[in-house]
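**Student:** 155 is the number that the numbering used here gives to position 91 of the sequence shown; each next residue is one higher, with no gaps.
For glycine and all other residues, C-beta sits at the position ideal for the given N, C-alpha and C.
Please find one structure pasted underneath; my questions will follow.
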Amino acid sequence: LMGYYFAPLHYTSGEIIIDGRNITGMNPDDIRKSILGTEISYIPQSAMNALNPTQKIIHFIEDVIQAHGPPYQTKKEIYELATGCCDVLGLPAEVLQKYPVELSGGMKQRTVIAVSVILFPKVLIADEPSSALDVTSQKMVIKMLKNLMEKGYIKSMIFITHELPLLYNVADDIMVMYAGQIVEKGTAKEAVFDPLHPYSKGLMGSIIVPEKGLRDVKLTAIPGVPPNLKKPPAGCQFAERCKFVWPKCKA
């Protein structure tokens with residue numbers, strides 16, 4: 065969604081519709097000006113390393129608002145908007161005048177989230193926002209994202225992760241992808257507690273989780289290796305690793 069217009073990604077097929085508006089085929093400059101930041105925003109993977117060490121935190125927020133936000137906002141208005149968002153994320157206002165090197169890893173994570181939601185995006189794409197974090201920090205990130213939704217900073221969210229149990233606490237619906245294919249879609253409860261596709265079952269079976277009903281599940285392994293996506297096989301991408309494979313799965 066964020067980069068299908070820009071190298072190295074290439075648009076091949078399908079449509080992207082946000083709030084009834086089809087943005088497929090729009091000019092890249094129009095995408096940057098009227099879509100990014102307000103319609104779609106993004107928390108990158110390894111968010112703690114996404115900050116330019118030579119800029120103060122307030123400058124990141126100013127850059128986003130000046131590039132994608134409403135025109136003619138004064139520095140005072142931007143500062144008030146920034147302090148309000150920081151307050152929701154549990155960050156003191158003093159953080160805005162600091163450099164990234166002066167912040168802890170958790171504060172950097174929250175700073176990137178603040179930059180991502182400062183313009184109240186309709187869709188927030190969170191790419192592995194809890195990776196490289198301990199369990200306590202993961203729960204804190206989930207709590208903050210849910211709080212931002214309750215406060216109206218985020219209208220909806222696409223949460224990308226390989227940790228299905230984590231999704232259960234934040235998502236309404238879950239889509240499980242394997243090698244670029246959606247292999248299963250269902251409610252969060254269905255996908256976590258009653259997965260149907262063999263890959264979904266293998267994914268859940270490879271994770272140790274404390275949730276009731278799952279803690280006694282025996283760990284399993286998925287045999288084989290992922291397919292070569294430069295030359296993907298026909299049919300289901302998981303067929304070569306699936307013990308339930310039928311001939312029609314490879315068609």
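In the DSSP output, what is GLN245 paired with across the bridge?
**Tutor:** Looking at the DSSP assignment, GLN245 forms a beta bridge with TYR242.
**Student:** At which residue ranges does the region 126 to 212 contain complete beta strand (DSSP E) runs of 3 or more residues, listed in the order of the chain?
**Tutor:** Runs of the beta strand (DSSP E) inside the region 126 to 212: 187 to 191.
**Student:** Do ILE104 and MET90 have their CB atoms nearer than 9 Å?
**Tutor:** No. Outside cutoff.
**Student:** Pull the bridge partners of PHE223 from the DSSP assignment, please.
**Tutor:** Answer is ALA190.
**Student:** Report all residues from its chain with a CB closer than 8 Å to the CB of ILE87; omit the five preceding and five following residues, and keep chain order.
**Tutor:** These residues qualify, in order along the chain: ILE80, ILE81, ILE95, ILE99, GLU103.
**Student:** To the nearest angstrom, how far is the alpha carbon of GLU144 from that of ILE246?
**Tutor:** Approximately 42 Å between the Cα atoms of the pair.
**Student:** Leaving out five residues before and five after LYS253 in sequence, what residues of the same chain have Cβ atoms less than 8 Å from its Cβ?
**Tutor:** Cβ within range, chain order: TYR232.
**Student:** Leaving out five residues before and five after LYS320 in sequence, what residues of the same chain have Cβ atoms less than 7 Å from its Cβ?
**Tutor:** Nothing in the structure corresponds to residue 320, since the chain is present only between 65 and 315.
**Student:** Given LEU183, which residues of its chain have a CB within under 8 Å of its CB, disregarding the five upstream and five downstream residues?
**Tutor:** So the list reads GLY101, THR102, SER105, VAL128, ILE129, HIS132, GLY133, once near-sequence residues are dropped.
**Student:** Please report the distance separating the alpha-carbon of GLN202 from that of GLN109.
**Tutor:** Approximately 14 Å between the Cα atoms of the pair.
**Student:** Does the beta-carbon of PRO262 have 16 or more other beta-carbons within 10 angstroms, so that it is buried, or is it exposed?
**Tutor:** Per the 10 Å Cβ criterion, buried.
**Student:** Checking 9 Å against the spacing of the C-beta atoms, do THR225 and ASP236 come in under that value?
**Tutor:** No, they are not a contact pair.
**Student:** Would you mind giving the Cβ-Cβ distance between LEU160 and ILE122, rounded to the nearest angstrom? I have them listed as a contact below 8 Å.
**Tutor:** That belief holds up - the Cβ atoms of LEU160 and ILE122 are roughly 4 Å apart, short of 8 Å.
**Student:** Mind checking which residues open and close the beta strand (DSSP E) that includes TYR106?
**Tutor:** Where TYR106 is concerned, the enclosing beta strand (DSSP E) stretches over 104 to 107.
**Student:** CB ALA178 to CB LEU155, shorter than 9 Å?
**Tutor:** Yes, these two residues count as a Cβ contact at 9 Å.
**Student:** Would you grab the beta carbon distance between VAL181 and CYS149 for me? Rounded to a whole angstrom, and I think it's under 8 Å.
**Tutor:** The pair is a contact, with the Cβ atoms about 7 Å apart (cut-off 8 Å).
**Student:** Buried or exposed, going by whether 16 or more other CB atoms sit within 10 Å of the CB of LEU228?
**Tutor:** Classification of LEU228: buried, given that the 10 Å Cβ count is 16 or more.
**Student:** On the three-state DSSP scale, how would you describe ILE218?
**Tutor:** DSSP places ILE218 in coil when its eight states are reduced to three.
**Student:** The alpha helix (DSSP H) that contains LYS253, what's its start and end?
**Tutor:** First-last of the alpha helix (DSSP H) with LYS253: 252 to 257.
**Student:** Please classify GLN119 as buried or exposed, where buried requires at least 16 other C-beta atoms within 10 Å of its C-beta.
**Tutor:** Per the 10 Å Cβ criterion, exposed.
**Student:** Beta-carbon within less than 8 Å of PRO297's beta-carbon, same chain only, minus the 5 sequence neighbours each way: which residues are those?
**Tutor:** Within the same chain, PRO297 has close Cβ partners PRO291, ALA303, GLU304, LYS314.
**Student:** Hey, quick one: how far does the alpha helix (DSSP H) through SER264 stretch, first residue to last?
**Tutor:** Where SER264 is concerned, the enclosing alpha helix (DSSP H) stretches over 262 to 269.
**Student:** Taking its Cβ as the centre, do 16 or more other Cβ atoms sit within 10 Å of PRO259, making it buried, or is it exposed?
**Tutor:** Label assigned to PRO259: buried.
**Student:** May I ask you to list the residues that DSSP assigns as paired with ILE82?
**Tutor:** Partner(s): ARG85.
**Student:** Between the Cα of LEU283 and those of GLY269, LYS294, VAL152, SER264, spot the shortest distance and give me the residue it belongs to.
**Tutor:** Looking at the Cα atoms, GLY269 is the closest of the given residues.
**Student:** Assign ASP237 to one of three DSSP states: helix, strand, or coil.
**Tutor:** Strand.
**Student:** So the candidates are MET204, ILE189, PRO193; which of them puts its Cα closest to the Cα of ILE218?
**Tutor:** With distances taken between Cα atoms, ILE218 lies closest to ILE189.
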